[in-house]
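This report refers to the structure that appears directly beneath it.
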Amino acid sequence: MDEEQVKSINWSVVGKILKKRIVWIVAVAAVVAIVAGLLFAFVLNDGKDTYSLSFDLRTPGSLGTYPDGTPFSVQSLIFEENLQAVKDAGGEKFADIDLENLPENAFTITDNSVNGEGEAQSYAVRYTITAKSGMFSSYEQGNEFLIALLNNYVNESNSRLDSRDYTAWEKTYANATTYDAAISTLRSQYDSVLASYDALISTRAYADHVVDGETVAQHRADAAADISARLTALSEWQTTDKYVMPGNEIFADSEAKSLMDSYALNSAKIDDLTAKLTELIGIYGEKLTSSALDTFESFHSTIASLTQSNTTIANTLGKLGYTLDASGTTWNKADQEKYNLAPGEFTDELDAVKGMIVASTAEMKTVEASVYDEFTDVKLMQGKADVTGGGTSPIIVAVLCFVLAAAAMCLIFLLAEYGKVKREVEGAEAAAKAEVKPEITFTDKNDEKEDLLSEAAATETDEEEK
Numbered sequence: 001m002d003e004e005q006v007k008s009i010n011w012s013v014v015g016k017i018l019k020k021r022i023v024w025i026v027a028v029a030a031v032v033a034i035v036a037g038l039l040f041a042f043v044l045n046d047g048k049d050t051y052s053l054s055f056d057l058r059t060p061g062s063l064g065t066y067p068d069g070t071p072f073s074v075q076s077l078i079f080e081e082n083l084q085a086v087k088d089a090g091g092e093k094f095a096d097i098d099l100e101n102l103p104e105n106a107f108t109i110t111d112n113s114v115n116g117e118g119e120a121q122s123y124a125v126r127y128t129i130t131a132k133s134g135m136f137s138s139y140e141q142g143n144e145f146l147i148a149l150l151n152n153y154v155n156e157s158n159s160r161l162d163s164r165d166y167t168a169w170e171k172t173y174a175n176a177t178t179y180d181a182a183i184s185t186l187r188s189q190y191d192s193v194l195a196s197y198d199a200l201i202s203t204r205a206y207a208d209h210v211v212d213g214e215t216v217a218q219h220r221a222d223a224a225a226d227i228s229a230r231l232t233a234l235s236e237w238q239t240t241d242k243y244v245m246p247g248n249e250i251f252a253d254s255e256a257k258s259l260m261d262s263y264a265l266n267s268a269k270i271d272d273l274t275a276k277l278t279e280l281i282g283i284y285g286e287k288l289t290s291s292a293l294d295t296f297e298s299f300h301s302t303i304a305s306l307t308q309s310n311t312t313i314a315n316t317l318g319k320l321g322y323t324l325d326a327s328g329t330t331w332n333k334a335d336q337e338k339y340n341l342a343p344g345e346f347t348d349e350l351d352a353v354k355g356m357i358v359a360s361t362a363e364m365k366t367v368e369a370s371v372y373d374e375f376t377d378v379k380l381m382q383g384k385a386d387v388t389g390g391g392t393s394p395i396i397v398a399v400l401c402f403v404l405a406a407a408a409m410c411l412i413f414l415l416a417e418y419g420k421v422k423r424e425v426e427g428a429e430a431a432a433k434a435e436v437k438p439e440i441t442f443t444d445k446n447d448e449k450e451d452l453l454s455e456a457a458a459t460e461t462d463e464e465e466k
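For the sequence shown, full-length UniProt numbering gives the first residue as 1, with consecutive numbering after it.
Okay, structure coming up:
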């Protein structure tokens, strides 16, 4: 529309039409706005809301693992197998939730403790789980499913703790072929028990937790007892006497073969160093420099160390029933049926220490289960899930539709009635201009003269009569 066309519009006509039709315009626009708002609120936006719960996880162990050492990630809470487990556990309550046709990002978990690089961790709420409402038949179902999904962490944690094998070390001990291996297994399990206690008592609340009348810290002291000293004594005893386990003589012979090889290697090194030392003495004689003396000293030190090692090996082989022949190079077993079996005092002590470690392991299991049961939980930051609107805002849609509908109705009425109303208005204006106006009389000089003559004649007549 150009400037001339705009100027040609009779705006009084426009105003008259809109004023006349204002009720219709507002009514139709309001109806359109209400319908559009309801359509978006209950049809087009249906299922686009989200439910969210803010929470934190608490566990006595590392949040990166389950109690049995299996890796754990908070994102695994919304893995398919966990979703299915919660649905199955809910029975009829969750039966209509379709997990096979989930929309994209149906469930998400946000870690609020993740900050930019170099920033310190700071958060009021650690995690937020969000789910799309379209998956649920009602808000109540969605809220219950999210809470059950989070509580599944506690259930899974307790289940994995219950299934944890605290006796695997006993199988290793039973399969040991040497007393050295058996003692090493006992030492490893003893250290493991104390490490489990130490992990708990590093947190004051756990250290003070009471189980069977004693705190966790006191249970740790009971487990330590004098086991370490007794294990050390057993280890030294075995190192000295090299006892052979009954039924495992073949391993003793294998160890003997390894010791013989070491003895032969050491002997060869001693012979080589001795020969070199003799050669150097022959070259330098009595004219030895300080550097040569240092070399000689080094040779002597190495020869002495190797000789001591061979002495220890010879003693061990002797306990295994082997003797060195006259040539000094061949080892012979004095009696093929004779081995250095452990005396009763040794095996009794070994069994006693093992029994103590079995008992302390069982006690540690009870303590650990109690602590996990007490302190493993999900802390919800609100009683019910928050609802966040999704899709397009019905209010915004209603306002826009009202404006557009009103504008459309205005245009329709103007197009339909503008010509007719304009003619009526212009006709009324023309009629008003055509109404009767006051008469105006114009005179000239001749008329004035005639009037004066008439007045003079009238005066003369009056005088004659007198």
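The beta-carbon is built from N, C-alpha and C at its ideal position, and this holds for glycine as well. Small disclaimer: the values here were computed from a predicted structure and weren't measured.
Check	Outcome
Residue of Ile9, Leu18, Trp11 and Leu99 minimising C-alpha distance to Phe413	Leu18
Three-state secondary structure assigned by DSSP to Glu214	strand
Own chain residues within Cβ distance below 8 Å of Ala120, not counting five before or after	With a pLDDT of 38 at Ala120, under the threshold of 50, the modelled position of that residue is not reliable, and the figure given next carries that caveat. Cβ within range, chain order: n/a, list empty.
Three-way DSSP call (helix, strand, coil) for Leu63 in this model	coil
Thr278 - DSSP class collapsed to helix/strand/coil	helix
Length of the line joining the Cα atoms of Val13 and Ala434	21 Å
Cutoff 8 Å; reference Val154; Cβ partners in own chain excluding five residues on either side	Thr376, Asp377 and Val378
Inter-residue spacing [alpha-carbon to alpha-carbon] between Phe296 and Asn310	21 Å
Closest Cα partner of Glu170 within the set Ser267, Ile357, Ser305 and Met381	Ile357
Selected residue, minimal CA-CA separation from Thr366, among Ser52, His209 and Val26	His209
Backbone CA spacing between Lys20 and Ala398 [nearest angstrom]	25 Å
Buried or exposed (CB count within 10 angstroms, at least 16 for buried), Ser133	buried
Start and end residues, beta strand (DSSP E) containing Arg164	Counting along the chain, Arg164 falls outside any beta strand (DSSP E), and DSSP gives it neither H nor E.
Buried versus exposed call for Lys276 [16 or more other C-beta atoms within 10 Å across all chains shown]	exposed
Reference Asp111, options Lys93, Leu280 and Thr130, closest by Cα	Thr130
Status (buried if at least 16 other CB within 10 Å, exposed otherwise) for Ile281	exposed
Val436, DSSP secondary structure in three states	Summary for Val436: the model assigns pLDDT 48, below 50, so the residue's position carries little reliability; its value from the coordinates is reported in the next sentence. Note: Val436 maps to coil in three-state DSSP.
Ala352 to Met260 span [Cα, whole Å]	34 Å
Other residues of its chain near Gln75: CB distance less than 8 Å, five sequence neighbours each side excluded	Ile109
Selection from Ala431, Ala416, Thr278 and Met381 that minimises the alpha carbon distance to Asn150	One detail in the question is off: residue 150 reads as Leu in this sequence, not Asn. If we check each option's Cα against that of Leu150, Met381 comes out closest.
Same chain, Cβ closer than 7 Å to residue 549, neighbours up to 5 away in sequence not counted	There is no way to answer for residue 549, as the model of the chain reaches only from 1 to 466.
Selection from Val425, Tyr127 and Val86 that minimises the alpha carbon distance to Ser54	Tyr127
Thr177 vs Thr185 beta-carbon contact at 7 Å	no
Local Cβ density within 10 Å of Ser157, reported as buried at 16 or more and exposed below that	buried
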